[in-house]
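Below you'll find the structure, written out as structure tokens, and then a few comments.
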Amino acid sequence: MTAGRADVHEDPARDTDELYGRLRAYEGRPAATAGTGKDLVNAPMIRHWCEAMGDTNPAYSGPDAIAPPTMLQAWTMGGLSGHTDRSGPYDELFALLDGAGYTAVVATDCEQEYLGPLRLGDRITFDAVIEAVSARKTTKLGTGYFVTTRMDVRAQGETAGTHRFRILKYRPAKAKGNAKGPARAARPDPVVNRDNAGFWEGVAAGRLLIQRCGACADLRFPWLPGCNTCGSPEWDTVEASGEGTVFSYVVMHHPPFPAFSESGEGGPYAVALIELAEGVRMVSNVVGVPYDEVRVGMPVRLEFLRTGPEAQLPVFRSAAVGEG
Ligand SMILES: [Zn+2]
């Protein structure tokens, strides 16, 4: 995890930053004390991790298995039922930052050091300390403070590794609305990766492309590296006609998300599963019809919604009303 560390700048006002002095007083104070792992180091958790990571190293299976070192933090996690060992100082530090307007938080990076292997049956305990609070920094996300927490993880009381975790607690930068287009909130850009890059290139060119298996000719959506039917990695594309129907939908009320509501003011909006004429389904928005008039079976037609100077997204307009 990284957050553009190269773009971090020292704030010239740091010497007069009174808050920094108060935050720094928390360095060295506990973030969690006498934590205990909810489970002993065990084979099922190791197996699930290895399957998720695709790690087939034989050291991680069998009666003498060790745990993958990168699982270090996994043994300390509280799960849905949480932990009760978080200390007062960590909460106080966060309250101080929240109160000063640094209300947003983003995880920036983590570093682990492995001092000894964890083996099946090991009993995990841990303590965490607020190791460092940075001077005020300005990043692309906004201005704030980096807080580094160091967790020491032990097995039967012996330190097995350390886990350093850094967050940025920041005041979000104000959106620049006047110079570069409308002031309404922008939709997040799609996440483009090597598996779906062809899809987004199609969208940029105003074409909705469906993958077609090169071996069995099955159509598939969303884009995947292989065919769900026969496993073949060979594929080409067909362009969707743009005709479809609403297969299912939900109406989002909370949390309000102005970028997604048609008014731009954060009201409810419909998210629909569209069945394309070609038979595949995709999640999108229905536009041109009030959110409470979207219905299952409603015919819709593809159009492209401009979301930025160079960005557009496929959405579906109700064919019944609001044409054009
Ligand atoms: Zn196939």
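Each residue of the sequence shown is one higher than the one before, starting from 1 at the first, in our numbering. Glycine included, each C-beta is placed from N, C-alpha and C at the ideal position. Just so it is clear, the structure is predicted and the values come from calculations on it, not from any experiment.
- Taking C-beta atoms under 8 Å as the contact rule, V280 and V271 fail to qualify, at a distance of about 17 Å.
- In the three-state DSSP reduction, A197 falls in the helix class (H, G or I).
- DSSP, reduced to helix, strand and coil, places C213 within a strand of the structure shown.
- For G21, the enclosing alpha helix (DSSP H) has its first and last residue at E18 to R24.
- In the same chain as I66, and ignoring 5 residues on each side of it, the C-beta atoms closer than 6 Å to its own belong to A59, P117 and R119, in chain order.
- The way I'd put it, the stretch 157-177 does touch the stretch 101-117; three or more beta-carbon pairs between them come closer than 8 Å.
- A Cβ-Cβ distance of about 4 Å is found for the pair S248 and L273, placing them in contact under the 8 Å criterion.
- In the same chain as R306, and ignoring 5 residues on each side of it, the C-beta atoms closer than 7 Å to its own belong to Q312, in chain order.
- Taking 8 Å as the cut-off, the Cβ atoms of A215 and E234 count as close.
- With contact defined as three or more Cβ pairs closer than 8 Å, the stretch 130-137 and the stretch 147-155 are in contact.
- The residues L118, D122, R123 and I124, in chain order, have a CB closer than 7 Å to that of A155 in the same chain once the five nearest residues on each side in sequence are set aside.
- Within 7 Å of the C-beta of D218 there is at least one heavy atom belonging to ligand 1.
- In this structure, the CA atom of T143 is about 12 Å from the CA atom of S134.
- By the Cβ neighbour-count rule, N285 is buried, with 16 or more other Cβ atoms within 10 Å of its own.
- For A215, the distance from the CB to the nearest heavy atom of ligand 1 is below 7 Å.
- Inside the stretch 86-117, DSSP marks whole alpha helix (DSSP H) runs of 4 or more residues at positions 88-99, from first to last along the chain.
- Cβ-Cβ distances below 7 Å link E158 to G116 in the same chain, with the five nearest sequence neighbours on each side left out; the list follows chain order.
- In the displayed model, V300 falls within a strand according to three-state DSSP.
- K137 is classed as buried because its beta carbon has at least 16 other beta carbons within 10 Å across all chains shown.
- Our two residues, G79 and G226, have alpha carbons roughly 33 Å apart in a direct line.
- Only residues of its own chain outside the window of five on either side were considered, and among them L120 have a CB closer than 7 Å to the CB of N42, listed in chain order.
- DSSP lists Q112 and M151 as the beta-bridge partner residues of H163.
- If you check the CB distance, L224 and E278 do not come in under 8 Å.
- R317 is bridged by DSSP to V287 and R301.
- Using a 10 angstroms sphere on the CB of C230, the tally of other CB atoms stays under 16, which defines it as exposed.
- Remark: the C-beta of C50 is outside contact range of ligand 1, defined as less than 7 Å to any heavy atom.
- Setting aside the 5 residues that flank it on each side, T36 is surrounded in the same chain by T125, each with a C-beta closer than 6 Å to its C-beta; the list follows chain order.
- For the pair A259 and T56, the Cα-to-Cα distance works out to about 43 Å.
- Judged by their CB atoms, P89 and Y26 are nearer to each other than the 8 Å cut-off.
- T229 has its CB nearer than 7 Å to a heavy atom of ligand 1.
- Relative to ligand 1, even the nearest heavy atom lies 7 Å or more away from the CB of S134.
- In this model, R301 and R187 are separated by some 21 Å (Cα to Cα).
- L141 and Y170 have their C-alpha atoms roughly 8 Å apart.
- Secondary structure note for E51: its alpha helix (DSSP H) is the uninterrupted segment A43 to M53.
- In this structure, DSSP gives A59 a helical state, which the three-state scheme calls helix.
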